[in-house]
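First the structure, in the form of structure tokens, and then the observations on it.
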Ligand SMILES: NC(=O)c1ccc[n+]([C@@H]2O[C@H](COP(=O)([O-])OP(=O)(O)OC[C@H]3O[C@@H](n4cnc5c(N)ncnc54)[C@H](OP(=O)(O)O)[C@@H]3O)[C@@H](O)[C@H]2O)c1
Ligand SMILES: *[C@@H]1O[C@H](CO)[C@@H](O)[C@H](O)[C@H]1NC(C)=O
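In the numbering used here, the protein residues as written are 1 to 325.
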């Protein structure tokens, strides 16, 4: 059994190391701890995709070195433009960046994986990504109906993409504990990452421990949970003005959003906060001059209700649906 060591290592550029520390993945590659989210599936469903180009540029300017995108976000072109702008203005080099993208559910047949990644690379304007993830363990046909493809077959396509140098590392997303174990047991290459939803209302303590014990780093999507508006008036606490979080925010002179991101980092996770607002982009990486005590981390864990922000119930009856309900 491989055990991950959450050693904070410096990334390529020392100048930004304080804003962008890394963890070491189980294949030896280094991944910056905070990733800018670019997915638009939640609060800003109607957002203008062009805003992503600016968000990516502002993020790199603010010290982010990790950008998270996916084929299904239909924003890889804009992500690529933001990256190209930043490189053209000498903010960074390609080598200093860590770019993650994801394979969508309708490309799960082994022979579809490499072409799907090549299409993403073309949109991104890149020769390689740093991390390629299977977005969901569920396979669908082009018309959206269930397809019976074992994700172990998909994983073989991921291994081929890695061997071709199209991606430096490969991982999974939305896989449950048994699915992670099956990939580890039956594959040549161990996933480096499982990207799952983690936030104060969905703390995922068991699945996080399960992955970390096996050397699989966990990226935390929808990190703010219901702190931010999700158009769900009956969503459980905490909200941004929750007294427990407000007290911690006062103590550390931070916002409650920053408290929640730091809580995830202090659990050894890599949060993926999405913002298209320059000030909030800056705020969401200003996390490396304080840390929570173990007691404060426990206090936030107590909010857990196992309630998901991302709840794709329409896929519930599809093979390999990873969630309980
Ligand atoms: N693997 C998967 O299946 C999966 C699923 C969902 C998401 N993801 C990834 O994870 C990323 C984040 O998830 P998410 O978009 O669901 O949720 P999130 O990052 O938890 O929340 C985003 C929302 O919070 C607001 N916000 C950002 N920073 C804030 C701050 N400091 N204070 C107050 N509000 C703030 C944003 O608005 P503004 O933009 O106006 O700041 C936006 O409405 C996605 O973009 C995507 O990259 C992956
Ligand atoms: C993971 O998902 C599979 C497929 O739906 C299911 O059979 C299995 O029980 C789930 N395992 C866990 C630990 O939730």
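Glycine residues also receive a C-beta, built at the ideal position from the N, C-alpha and C atoms. This one's a predicted model, so the numbers in the text were calculated from it and none came from an experiment.
Legend entry - Spatial neighbours of residue 146 in its chain, beta-carbon cut-off 7 Å, leaving aside the 5 residues before and after: The count along the chain shown starts at 1 and reaches residue 146 at position 146. So the qualifying residues of the chain are 140, 318, 319.
Legend entry - Cα-Cα separation, residue 74 to residue 30: Locating residue 74 in the chain shown gives position 74, counting from the first residue. Locating residue 30 in the chain shown gives position 30, counting from the first residue. Rounded to whole angstroms, residue 74 to residue 30 spans 27 Å at the Cα level.
Inset, instruction - Could you name the residues that DSSP lists as bridge partners for residue 218? - result: As a working note, residue 218 is residue 218 in the chain shown. Paired residues: 194.
Legend entry - residue 222 and residue 197 closer than 8 Å at C-beta: For the purposes of this step, residue 222 is taken as residue 222 along the chain shown, with counting starting at 1. For the purposes of this step, residue 197 is taken as residue 197 along the chain shown, with counting starting at 1. Going by C-beta atoms, residue 222 is nearer than 8 Å to residue 197.
Legend entry - Reference residue 210; option with closest CA among 180, 230, 192, 239: Numbered from its first residue, the chain shown carries residue 210 at position 210. Residue 180 is the option with its Cα nearest to residue 210.
Inset, instruction - List the residues that DSSP assigns as beta-bridge partners of residue 98. - result: Here residue 98 corresponds to residue number 98 of the chain shown, with the count starting at 1. 66, per the DSSP bridge assignment.
Legend entry - Cβ-heavy atom distance, residue 120 to ligand 1, below 7 Å: Mapped onto the chain shown, residue 120 falls at position 120. No, since every heavy atom of ligand 1 falls outside the 7 Å radius drawn around the Cβ of residue 120.
Legend entry - residue 308 in three-state terms, based on DSSP: On the chain shown, residue 308 is found 308 positions in, with the first residue counted as 1. Three-state result, residue 308: coil.
Legend entry - DSSP-derived helix/strand/coil call for residue 35: On the chain shown, position 35 is the one that residue 35 refers to. Strand at residue 35.
Inset, instruction - Could you tell me if the beta carbon of residue 209 falls within a distance shorter than 7 Å of some heavy atom in ligand 2? - result: Start at 1 with the first residue of the chain shown, and residue 209 comes out as number 209. No, the Cβ of residue 209 stays beyond 7 Å of every heavy atom of ligand 2.
Inset, instruction - Rounded to whole angstroms, what's the CA-CA distance from residue 90 to residue 84? Just pull it up for me. - result: Here the question's residue 90 lines up with position 90 in the chain shown. Here the question's residue 84 lines up with position 84 in the chain shown. Computed Cα separation, rounded: 10 Å.
Inset, instruction - Pick helix, strand or coil for residue 223, following the three-state DSSP scheme. - result: Counted from its first residue, the chain shown places residue 223 at position 223. In this structure, residue 223 counts as coil in the three-state DSSP scheme.
Inset, instruction - Kindly identify the DSSP beta-bridge partner or partners of residue 146. - result: By 1-based counting over the chain shown, the position of residue 146 is 146. DSSP output for residue 146 lists 140 as bridge partner(s).
Inset, instruction - Measuring alpha carbon to alpha carbon, tell me which of 21, 116, 161, 237 ends up nearest residue 96. - result: Within the chain shown, the letter at position 96 stands for residue 96. The shortest C-alpha separation from residue 96 is found at 21.
Legend entry - Coarse secondary structure for residue 230, derived from DSSP in three states: By 1-based counting over the chain shown, the position of residue 230 is 230. Of the three classes helix, strand and coil, the one that applies to residue 230 here is coil, per DSSP.
Inset, instruction - Measure from the alpha carbon of residue 106 to the alpha carbon of each residue in 143, 99, 70, then state which is nearest. - result: On the chain shown, position 106 is the one that residue 106 refers to. Of the candidates 143, 99, 70, the one whose C-alpha sits nearest the C-alpha of residue 106 is 143.
Legend entry - Residues near residue 71 by beta carbon distance below 6 Å, same chain, minus five either side: Here residue 71 corresponds to residue number 71 of the chain shown, with the count starting at 1. Answer for residue 71: 104, 120, listed in chain order.
Legend entry - Below 6 Å from a heavy atom of ligand 2 - residues by beta-carbon: 176, 177, 178, 179, 320, 321, 322
Legend entry - residue 129: first and last residue of the uninterrupted beta strand (DSSP E) it sits in: In the chain shown, residue 129 corresponds to position 129, counting from 1. Looking at the DSSP string, the run of the beta strand (DSSP E) that includes residue 129 is 129-134.
Legend entry - Which listed residue (178, 288, 323, 156) has its alpha carbon closest to that of residue 63: Mapped onto the chain shown, residue 63 falls at position 63. When only C-alpha atoms are compared, the closest one is 288.
Inset, instruction - Give me the Cα-Cα distance between residue 76 and residue 323, rounded to the nearest whole angstrom. - result: In the chain shown, the residue the question calls residue 76 occupies position 76. In the chain shown, the residue the question calls residue 323 occupies position 323. If I take the Cα positions, the gap works out to 28 Å.
Inset, instruction - Could you say which of 37, 262, 282, 88 lies nearest to residue 292 if we only look at CA atoms? - result: Start at 1 with the first residue of the chain shown, and residue 292 comes out as number 292. Comparing Cα positions, the closest option is 262.
Inset, instruction - Flag residue 235 as yes if its beta-carbon sits less than 8 Å from any beta-carbon of chain B, otherwise no. - result: Checking the listed chains, one finds no chain B in this structure; it contains a single protein chain.
Inset, instruction - Return the Cβ separation of residue 347 and residue 169 in integer angstroms, given the expectation that the two are a contact with Cβ distance under 8 Å. - result: Since the first residue of the chain shown is 1 and the last is 325, residue 347 is not available in this structure.
Inset, instruction - Return helix, strand or coil for residue 199, following the three-state DSSP convention. - result: Start at 1 with the first residue of the chain shown, and residue 199 comes out as number 199. DSSP places residue 199 in strand when its eight states are reduced to three.
Inset, instruction - Examine ligand 1 and report whether any of its heavy atoms sits within less than 7 Å of the Cβ of residue 20. - result: Along the chain shown, one-based indexing puts residue 20 at 20. No - ligand 1 has no heavy atom lying nearer than 7 Å to the Cβ of residue 20.
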